[in-house]
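Just so we're aligned, residue 19 is where the sequence shown starts under this note's numbering, counting upward by one.
Ideal Cβ positions, reconstructed from N, Cα and C, are used throughout, including at glycine.
Here's the structure, in structure tokens; my notes come after.
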Amino acid sequence: MKIKIFKKMMPFSKRAGTSLIVPKTTYEVKIFPIKLSFIDKMDEKLKSFDIFLDIEGPISNFLIVQNLEKNYVEVQGRFKKGFFRYHILPIADKIALIFKK
């Protein structure tokens, strides 16, 4: 039996501090404009870390989209020097952060 998806679902948020699961991983990421906090939901004490981004404020048009079909989380917005956009996605057994132009 095949299941066909008629409408693509891409949950999104414009709120800083939104938490999402990184697709195909056990990690939850809490997303702020200049900080990403990763927590392994299988081992919260041992495998958690933060990434700080070098983005100067003020930040506007902040948007987080979880693309469940393509297995990534996209973060985008405008800041002092222009536009930023990056993807958080699983690659092999790691989590990658890929910046887009």
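With respect to the 7 angstroms criterion, P51 and F70 are not classified as neighbours on the basis of their beta carbons. With distances taken between CA atoms, L115 lies nearest to V93 out of R33, V93 and K63. The criterion of a C-beta distance shorter than 7 angstroms is not satisfied by V40 and I109.
For T36, the uninterrupted beta strand (DSSP E) run begins and ends at T36 to I39, by DSSP. Counting the other Cβ atoms within 10 Å of the Cβ of T43 gives 16 or more, which makes it buried.
The three-state reading of DSSP puts K118 in strand, counting E and B together. When rounded, the separation of the alpha-carbon atoms in K32 and L38 is 13 angstroms. Bridge pairing for E92: V83 and H105 [DSSP].
In this structure F97 touches I77 by the C-beta definition: roughly 5 angstroms separates them, less than 8 angstroms.
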